[in-house]
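Colleague: All letters in the sequence shown, in the order written, are residues -19 to -1, 1 to 120 by mature numbering (1 follows the signal peptide of the UniProt record, and there is no 0). Below you will find the structure I want to go over with you.
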Amino acid sequence: MFKQFMASSLLLAVLAACASGPTLTPEEKARRDARKALHLAALDAAREVQVGGKTFRVAKVETGDRDDTYAFVDLISTPRVLYVPELEQAARLATGCDAEFAAGVLAFIRGDLNTVDIGKMTAFEVAGRRMGHRVDLSC
């Protein structure tokens, strides 16, 4: 019984430590809040474009750093079948910039990423608002 109590206590301590999460410094909180405001402002100013009969919302995010300009591209029409070239084309049409899908962990998918339906993948969300998929821009 003592072993069960100790195991339960240890498990509870570990869960409590994990639940508290990391603590952000005031500077980190300010950067997070500024980035969130930047994303929401971009979403409010987003443009809609048509690609292959599908409607996309493109929110261009300009951070002030030439090397850190990107867009969130979201398919807002149905069906939700979505391919990387469509995201990139929508970003190009809406922004006039060269566009490249930010693959992240998808880069590890075997095969041609351009032929994988990413429509069911979770898109970025900020403050409960769907942003879409990130596409890096070169303007």
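Beta carbons are placed, not taken as given, at the ideal position from N, Cα and C, and that holds for glycine.
Quick one: what's got a C-beta closer than 8 Å to Arg13's C-beta in the same chain, skipping five residues either side?
Modeller: Leu5
Colleague: Could you spell out the range, first to last residue, of the beta strand (DSSP E) harbouring Ala40?
Modeller: For Ala40, the enclosing beta strand (DSSP E) has its first and last residue at 35 to 43.
Colleague: Suppose contacts are defined by Cβ-Cβ distances below 8 Å. Is Leu19 in contact with Val54 by that definition?
Modeller: No, these two residues do not count as a Cβ contact at 8 Å.
Colleague: As a quick exercise: from Gly109, Thr76, Thr96, Leu94, pick the residue whose alpha carbon is nearest that of Ala26.
Modeller: Thr76
Colleague: Suppose contacts are defined by Cβ-Cβ distances below 8 Å. Is Gly100 in contact with Leu56 by that definition?
Modeller: yes
Colleague: Looking at the strands, I want to know which residues DSSP matches up with Ser58.
Modeller: According to DSSP, which records beta bridges pairwise, Ser58 is partnered with nothing at all.
Colleague: For Asp93, tell me which candidate among Pro60, Pro66, Ala40 has the shortest Cα-Cα distance.
Modeller: Checked all of Pro60, Pro66, Ala40; the closest Cα to Asp93 is Pro66.
Colleague: Considering just the uninterrupted stretch of the alpha helix (DSSP H) at Asp14, what are its terminal residues?
Modeller: 7 to 25
Colleague: What residue from Glu8, Leu118, Gly113, Asp117 has the CA that sits closest to Phe37's CA?
Modeller: Comparing C-alpha distances from Phe37 to each of Glu8, Leu118, Gly113, Asp117 shows the shortest one belongs to Gly113.
Colleague: Rounding to the nearest angstrom, what Cα-Cα distance links Gly34 and Thr59 in this structure?
Modeller: 10 Å
Colleague: What span of residues does the beta strand (DSSP E) with Val97 cover, start to end?
Modeller: Careful: Val97 lies outside any beta strand (DSSP E) and carries neither H nor E.
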